[in-house]
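Those protein sequence lines, which keep their order, are chains A and B.
Positions 143 to 297 (our numbering) are the ones given, in order, by the first sequence.
Positions 74 to 767 (our numbering) are the ones given, in order, by the second sequence.
Note sheet for the following structure.
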Amino acid sequence: MDTAVAEEETPQAPATEAFEPTIVAFVCNWCTYTAADLAGTSRLVQRPNVRLVRMMCTGMVDPKYVIKALLGGADAVLISGCHPGDCHYINGNYKARRRVKLLNDILDQFGIDRRRLKLTWVGASEGNEFAETVNDLIEEIRELGPIETRDMMVL
Amino acid sequence: MANRIGVYVCHCGTNIAGKVDCSEVARYAGGLRDVVVSRDYQFMCSDPGQDLIVEDIRSLGLNRVVVASCSPRLHEKTFQKACARAGLNPYMMQHTCIREHCSWVTKDPEEATRKAEHIVAAAVRRVARHQELFSREVGVLPDVMVVGAGIAGIQAALDIAKSGHMVHLIEKGPSIGGHMAQFDKTFPTLDCAACISTPKMVAVSQEPNIHLMTYSEVTEVDGFVGNYKVTVRRKPRYVREDICTGCGTCLEKCPTKVISEFEEGIGMRKAIYRNSPQSVPNTPVIDAEHCLKLTKDKCGACEKFCPTGAIDYTQTESSVTLEVGSIVLATGYDTMDPSPIREYGYGRFDNVYTALQFERLNNAVGPTGGKILLKDGTPPESVAIIHCVGSRDANYHQYCSRVCCMYALKYDHLIKDKVGHSVPIYNFYMDMRCFGKGYEEFYERVQGEGVTFIRGRPAEVLEEDGKLVVVAEDTLLGEIVRVPVDMVILCTAMEPRKDTAEVARVFGVSRSQDGFLLEEHPKLGPVSTATDGVFLAGTCQGPKDIPDAVAHASGGAAQALALAAKGTVSISPTTSYINPDICVGCKVCIDLCAYSAIEFDERRQVSVVNEAMCKGCGSCAGYCPSGAAQIKHFNETQVFNELEGLLMPVKPPAPAPEKIEPQTARRPAAEVVPEEAAPEEAMPESAEPAEAEV
Ligand SMILES: Cc1cc2nc3c(=O)[nH]c(=O)nc-3n(C[C@H](O)[C@H](O)[C@H](O)COP(=O)(O)OP(=O)(O)OC[C@H]3O[C@@H](n4cnc5c(N)ncnc54)[C@H](O)[C@@H]3O)c2cc1C
Ligand code: SF4
Ligand code: SF4
Chain A
143 MDTAVAEEET PQAPATEAFE PTIVAFVCNW CTYTAADLAG TSRLVQRPNV RLVRMMCTGM
203 VDPKYVIKAL LGGADAVLIS GCHPGDCHYI NGNYKARRRV KLLNDILDQF GIDRRRLKLT
263 WVGASEGNEF AETVNDLIEE IRELGPIETR DMMVL
Chain B
74 MANRIGVYVC HCGTNIAGKV DCSEVARYAG GLRDVVVSRD YQFMCSDPGQ DLIVEDIRSL
134 GLNRVVVASC SPRLHEKTFQ KACARAGLNP YMMQHTCIRE HCSWVTKDPE EATRKAEHIV
194 AAAVRRVARH QELFSREVGV LPDVMVVGAG IAGIQAALDI AKSGHMVHLI EKGPSIGGHM
254 AQFDKTFPTL DCAACISTPK MVAVSQEPNI HLMTYSEVTE VDGFVGNYKV TVRRKPRYVR
314 EDICTGCGTC LEKCPTKVIS EFEEGIGMRK AIYRNSPQSV PNTPVIDAEH CLKLTKDKCG
374 ACEKFCPTGA IDYTQTESSV TLEVGSIVLA TGYDTMDPSP IREYGYGRFD NVYTALQFER
434 LNNAVGPTGG KILLKDGTPP ESVAIIHCVG SRDANYHQYC SRVCCMYALK YDHLIKDKVG
494 HSVPIYNFYM DMRCFGKGYE EFYERVQGEG VTFIRGRPAE VLEEDGKLVV VAEDTLLGEI
554 VRVPVDMVIL CTAMEPRKDT AEVARVFGVS RSQDGFLLEE HPKLGPVSTA TDGVFLAGTC
614 QGPKDIPDAV AHASGGAAQA LALAAKGTVS ISPTTSYINP DICVGCKVCI DLCAYSAIEF
674 DERRQVSVVN EAMCKGCGSC AGYCPSGAAQ IKHFNETQVF NELEGLLMPV KPPAPAPEKI
734 EPQTARRPAA EVVPEEAAPE EAMPESAEPA EAEV
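Rendered as structure tokens:
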């Protein structure tokens with residue numbers, strides 16, 4: 143499957159020095175969490191760096207959660223929910239979309255690279271898409287390096 | 074009361090234990106704050122597995138439980154029930170997933186074990202902040218609404234009506250029957266379609282428990298399971314249903330001819346029309362767009378000649394509100410327009426037909442009176458049928474439409490029967506899929522009638538010397554074939570209705586990747602949806618033939634009836650709560666709530682959530698600038714704690730200072746860590762007192 147990580151980078155042994163980012167993902171119960179289940183059922187291999195927090199809707203992801211995660215040791219945050227128009231709660235994902243836009247500006251002020259907050263839409267049936275998103279994001283953040291603020295602030 | 078947490082790590086046979094070292098995870102969990110017992114076990118969901126939890130709650134006085142196993146979408150309820158059996162509030166349990174999100178997707182066992190530890194730590198931290206919640210029972214209104222009156226909707230409505238419950242059957246079109254009303258014969262029995270559907274349609278019109286509303290559409294759905302308030306828009310018919318006798322005089326007198334949608338564009342109708350003489354109801358409608366009276370204030374012939382005075386040009390749109398306990402969606406499918414597949418020549422060549430057009434050609438009350446004729450009025454001397462047009466095609470629809478092979482066989486037989494056995498028929502197919510009861514037998518029968526089957530998707534249809542030529546590779550022979558025929562029939566894909574997105578929005582259901590309405594679970598919940606009290610019936614969920622659509626519809630009816638018969642439903646307590654001590658009355662939440670569940674209490678100057686209407690989406694909580702709005706079971710403290718657990722370092726290179734050293738002594742399957750006098754450690758971010766219940 144195209145989503146599997148390339149064979150050679152899975153064994154961690156030789157590359158222990160390589161930076162392994164920690165990523166917190168706020169995913170909505172109806173779409174992306176289900177997609178993650180499906181990725182599991184389909185055994186689509188993912189790097190273990192992403193840790194899910196199940197939310198009922200991306201609309202309930204309080205900006206504080208994102209900041210807390212980034213200041214608490216996560217190198218990036220992923221917010222993922224239903225495709226625009228498909229929200230289980232009518233329009234929670236639109237609200238999330240607006241919020242992420244605003245959050246980006248706040249992140250700047252915190253001195254956090256805005257690439258560390260990512261919003262995606264992954265529908266319930268898109269197990270592939272989920273695994274790909276996870277693996278791509280890990281790759282991106284790995285290149286970006288550890289979060290600058292890791293030990294700077296406590297929230 | 075001090076927290077006493079029990080942690081249960083499931084092996085799921087080798088599903089988890091094959092990757093994750095479950096004993097190690099349990100050992101690790103045993104060292105986490107407030108954890109009194111931590112076990113790993115082969116199958117937590119089994120009876121003995123659940124008994125472990127029940128026993129521990131009772132004997133060790135656990136007041137919080139973490140189960141780490143499969144996805145909570147699978148077994149959260151199972152473990153909640155187990156807790157409840159032991160007298161623990163089910164919301165004091167956190168079910169977390171180390172299978173789908175960990176053992177199944179991680180390659181390296183070491184990494185999988187570490188990840189599982191993070192996941193368990195998060196759950197332990199979170200559950201420490203859980204609060205008791207109580208679901209409420211609310212009454213279920215006895216009436217049911219069925220939307221769409223194709224064969225699926227009809228079946229569902231009749232089933233429900235039989236039980237004595239009232240059904241509101243809402244149909245968008247002027248009459249009921251859906252696509253089945255367009256057919257003459259149905260596979261595999263070659264029953265006359267009308268003979269099996271007309272009695273059902275008539276039964277609908279005569280059933281006192283069915284309130285049929287045709288030419289109507291649902292525009293708004295309010296409320297929640299058991300208590301839906303539905304607004305239905307009724308389009309004006311301009312003919313009074315209560316007076317019209319269906320004599321049909323008006324249709325004869327009307328001078329305006331229009332291309333008929335029901336005839337799939339190969340026949341005409343009048344500006345006042347009905348789909349067929351057997352239509353139910355058989356009251357005609359006036360098409361306001363083409364009626365001379367309504368557009369230009371001329372003509373008026375139907376009014377003049379109607380013997381009962383049923384014509385009423387002054388009718389206007391109206392809307393009614395209905396209150397129902399549950400809703401069955403049976404809005405059906407469309408067939409694909411093959412024009413974009415330019416190479417097949419549809420729309421360019423006269424005698425390239427879609428399957429539905431062929432159904433009308435073959436129908437006794439269709440435009441040719443049931444004769445299979447070319448555009449020039451002569452019968453075809455040879456026919457090609459192209460399967461999988463737009464189905465199983467990466468450019469259009471990836472899925473199989475599930476009916477085309479069978480109706481193609483039906484056409485083979487009908488052409489042989491009606492036009493003559495000497496007419497050669499060529500089926501261009503990729504695979505024959507004749508999977509139903511009696512279907513393979515039908516295939517054999519048609520093969521015996523001398524039909525030619527060529528395996529290969531045609532490349533194009535050309536016109537040469539007044540003949541159509543189908544060009545394909547016969548993949549069995551490995552040869553290019555060019556087959557000249559008089560008529561080509563395209564078996565076009567079944568696809569989601571054009572307005573599916575709108576329907577999905579109004580009823581709050583999701584769509585699957587292929588665009589059809591999404592069921593709750595592909596195997597175990599094929600008729601329910603993620604929205605409680607909204608069920609699916611028939612092809613709105615995906616391609617089906619009539620037997621499957623009818624069976625599915627009866628399933629939907631049974632689910633709706635189960636709700637109605639029980640009379641009550643329990644409402645999830647995981648709603649929003651606005652703490653009146655904190656709310657500043659800014660009203661931001663009120664506009665954000667998509668369900669109008671928040672009202673402003675003028676006296677106290679605070680916003681108040683109506684829990685019956687709140688769906689717990691958290692739009693309000695995510696935005697509330699004062700933090701007054703919180704979702705129960707997903708409140709700030711719980712999420713913060715979960716995050717802390719997730720981000721806690723799990724393995725010592727550098728042992729976390731505040732962590733209790735994990736115990737290393739290990740007894741088989743169980744491990745009891747003596748209660749530590751760890752007092753509730755005040756956390757800076759959880760300074761807010763746990764939300765108060767009103
Ligand atoms: C060419 C062709 C030939 C076929 N031949 C056979 C056969 O021989 N044997 C067989 O078993 N199967 C056959 N099938 C399959 C058969 O057509 C379907 O199984 C069946 O019609 C499905 O019924 P349904 O009620 O789900 O959908 P539909 O027949 O599509 O009915 C849906 C109804 O809902 C109404 N509706 C839609 N949206 C709304 C809305 N928003 N509000 C209110 N009402 C709405 C529509 O107007 C329609 O009346 C054939 C299919 C095709 C394409
Ligand atoms: S003529 Fe009048 S009664 Fe007869 S079908 Fe037309 S509207 Fe109905
Ligand atoms: S959680 Fe808030 S926004 Fe969502 S439905 Fe309930 S009150 Fe409305």
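Heads up, the beta-carbon is just placed ideally off N, CA and C, and yes, glycines get one too.
Quick caveat, the model's predicted, so the values are computed rather than measured.
Look up M503(B) in the DSSP assignment and say whether it is helix, strand or coil.
Start at 1 with the first residue of the second sequence, and residue 503(B) comes out as number 430. Looking at M503(B) - three-state DSSP - the assignment turns out to be coil, as it is neither helix nor strand.
Just checking L242(B) against ligand 1 - is the residue's beta carbon closer than 6 Å to any of the ligand's heavy atoms?
For the purposes of this step, residue 242(B) is taken as residue 169 along the second sequence, with counting starting at 1. Not under cutoff, so the answer is no.
For A254(B), is the classification buried or exposed, using 16 other Cβ atoms within 10 angstroms of its Cβ as the cut-off for buried?
What you label residue 254(B) is simply residue 181 of the second sequence in a count that begins at 1. So A254(B) ends up on the buried side.
Does any residue of chain B have a CB that is nearer than 7 Å to the CB of Q188(A)?
Translated into the one-based positions of the first sequence, residue 188(A) becomes position 46. Answer yes: the Cβ-Cβ gap between Q188(A) and chain B drops below 7 Å somewhere.
Backbone CA spacing between E513(B) and L434(B) [nearest angstrom]:
Sequence index remark: in the second sequence, residue 513(B) carries index 440 (1-based). Sequence index remark: in the second sequence, residue 434(B) carries index 361 (1-based). C-alpha separation (whole angstroms): 26 Å.
Runs of alpha helix (DSSP H) wholly within the region 459-522 of chain B (minimum 4 residues, chain order):
477-492, 512-521
Partner residues on chain A for C615(B), Cβ-Cβ distance less than 8 Å:
Numbered from its first residue, the second sequence carries residue 615(B) at position 542. As written in the sequence, residue 615(B) is Gly, which differs from the Cys given in the question. Going along chain A, no residue has its Cβ under 8 Å from G615(B), so there is no contact; the nearest lies around 12 Å.
Put T737(B) into one of helix, strand or coil per three-state DSSP.
Here the question's residue 737(B) lines up with position 664 in the second sequence. Confidence at T737(B) is low in this model, with a pLDDT of 39, below 50, so the placement of that residue should be treated as unreliable; the coordinate-derived value is given next. If DSSP states are grouped into helix, strand and coil, T737(B) belongs with coil.
Alpha carbon of C379(B) to alpha carbon of V397(B), nearest angstrom
Numbered from 1 along the second sequence, position 306 holds the residue referred to as residue 379(B). Numbered from 1 along the second sequence, position 324 holds the residue referred to as residue 397(B). Going from the Cα of C379(B) to the Cα of V397(B) covers about 37 Å.
Please tell me whether R77(B) has its Cβ less than 7 Å away from any Cβ of chain A.
One-based indexing of the second sequence puts residue 77(B) at position 4. R77(B) does not count as touching chain A.
With burial defined as no fewer than 16 other Cβ atoms inside 10 Å of the residue's Cβ, what is the status of F508(B): buried or exposed?
Within the second sequence, the letter at position 435 stands for residue 508(B). When all chains shown are included, F508(B) counts as exposed.
Reducing DSSP to helix, strand and coil, say where T380(B) ends up.
Within the second sequence, the letter at position 307 stands for residue 380(B). Sequence inspection shows Pro at residue 380(B); the Thr mentioned does not correspond to that position. Residue state, collapsed to three classes: coil.
For the region 499-506 of chain B against the region 455-469 of chain B, do three or more pairs of beta-carbon atoms, one drawn from each stretch, fall closer than 8 Å, so that the two count as touching?
yes
Pull up the CB-CB distance for L597(B) and G214(A), whole angstroms please, since I reckon it's below 8 Å.
For the purposes of this step, residue 597(B) is taken as residue 524 along the second sequence, with counting starting at 1. For the purposes of this step, residue 214(A) is taken as residue 72 along the first sequence, with counting starting at 1. So it is not a contact: roughly 38 Å between Cβ atoms.
Tell me which same chain residues have a C-beta within less than 7 Å of the C-beta of T404(B), skipping the five on either side of it?
Position 331 of the second sequence, counting from 1, holds the residue named residue 404(B). Once the five neighbours on either side are set aside, the close Cβ partners of T404(B) are V220, G221, R570, V576, C613.
Identified DSSP bridge partners for W263(A)
Stepping through the first sequence from its first residue, residue 263(A) is reached at position 121. BP columns for W263(A) point to G223(A).
Taking 7 Å as the limit between beta carbons, can you name the residues of its chain near A702(B), skipping five residues before and five after?
Here the question's residue 702(B) lines up with position 629 in the second sequence. Contacts found: S649, I651, C662, C693, A694.
With a cut-off of 8 Å on the beta carbons, I'd call R198(B) and N714(B) a contact; round off their distance for me.
Reading the second sequence from its first residue, position 125 is the one you call residue 198(B). Reading the second sequence from its first residue, position 641 is the one you call residue 714(B). Indeed, because the Cβ distance is near 4 Å, the residues count as touching under 8 Å.
From the DSSP output, in three-state form, read off V623(B) for me.
Here residue 623(B) is taken as the residue at index 550 of the second sequence, counted from 1. Helix, per DSSP.
Measuring alpha carbon to alpha carbon, tell me which of P350(B), H470(B), P497(B) ends up nearest G442(B).
Here residue 442(B) refers to the residue found at position 369 of the second sequence. For G442(B), the nearest C-alpha among the options comes from P350(B).
For a test of the three-state rule: what should DSSP assign to K302(B), helix, strand or coil?
Numbered from its first residue, the second sequence carries residue 302(B) at position 229. It is a strand residue.
Excluding five sequence neighbours on each side, which residues of the same chain lie with their C-beta closer than 6 Å to the C-beta of L242(B)?
As a working mapping, residue 242(B) is identified with position 169 in the second sequence. Hits under 6 Å: V219, A222, A230, I283, L285.
Could you check which residue in S391(B), M341(B), K273(B), T329(B) has the C-alpha nearest to that of E362(B)?
In the second sequence, the residue the question calls residue 362(B) occupies position 289. Comparing Cα-Cα distances from E362(B) to each of S391(B), M341(B), K273(B), T329(B), the minimum goes to T329(B).
C372(B) and I384(B): beta carbons closer than 7 Å?
On the second sequence, position 299 is the one that residue 372(B) refers to. On the second sequence, position 311 is the one that residue 384(B) refers to. No, they are not a contact pair.
Residues in its own chain within less than 8 Å of V746(B) by CB, not counting five upstream and five downstream?
As a working mapping, residue 746(B) is identified with position 673 in the second sequence. Residue confidence for V746(B) is low, a pLDDT of 43 falling below 50, so the modelled location carries little weight; the figure read from the coordinates is stated next. Within the same chain, V746(B) has close Cβ partners G103, G104, V108, V109, V110, S111, Q736.
What span of residues does the alpha helix (DSSP H) with C85(B) cover, start to end?
Counted from its first residue, the second sequence places residue 85(B) at position 12. Careful: C85(B) lies outside any alpha helix (DSSP H) and carries neither H nor E.
Roughly how far, in whole angstroms, is the beta-carbon of V193(B) from the beta-carbon of V80(B), given that I think they are within contact range, below 8 Å?
Counting from one through the second sequence, the residue named residue 193(B) turns up at place 120. Counting from one through the second sequence, the residue named residue 80(B) turns up at place 7. Between V80(B) and V193(B) the Cβ distance is about 6 Å, and since that is below 8 Å, they are a contact.
Within chain D, partners of V195(A) - CB distance below 8 Å:
Of the protein chains in this structure, namely A and B, none is chain D.
What does T179(B) reach in chain A if we use C-beta pairs closer than 9 Å?
Within the second sequence, the letter at position 106 stands for residue 179(B). Result: V187, Q188, R189, P190.
Mind checking whether the beta-carbon of L125(B) lies closer than 6 Å to any heavy atom of ligand 1?
As a first step, residue 125(B) must be located in the second sequence, where it is residue number 52. No, the Cβ of L125(B) stays beyond 6 Å of every heavy atom of ligand 1.
Out of curiosity, what's the CA-to-CA distance linking A467(B) and T262(A)?
Within the second sequence, numbered from 1, the residue matching residue 467(B) stands at position 394. Within the first sequence, numbered from 1, the residue matching residue 262(A) stands at position 120. Near 24 Å, if we compare the C-alpha coordinates of T262(A) and A467(B).
Are the region 661-677 of chain B and the region 630-638 of chain B touching by the rule of at least three beta carbon pairs closer than 8 Å?
no
When you compare each of P531(B), G551(B), C690(B), L549(B) to V542(B) by their alpha carbons, which one comes out closest?
For the purposes of this step, residue 542(B) is taken as residue 469 along the second sequence, with counting starting at 1. That would be P531(B), whose Cα lies nearest to the Cα of V542(B).
Quick one: what's got a C-beta closer than 6 Å to R258(A)'s C-beta in the same chain, skipping five residues either side?
Translated into the one-based positions of the first sequence, residue 258(A) becomes position 116. Excluding sequence neighbours, R258(A) sits near A218.
Under DSSP, the beta strand (DSSP E) around G296(B) begins and ends at which residues?
Working through the second sequence from its first residue, we reach residue 296(B) at position 223. Where G296(B) is concerned, the enclosing beta strand (DSSP E) stretches over 289-297.
What residues from chain B crowd round K260(A), counting only those whose CB sits closer than 7 Å?
Taking the first residue of the first sequence as position 1, residue 260(A) is located at position 118. Correct list: empty, because the minimum Cβ distance to chain B is about 17 Å.
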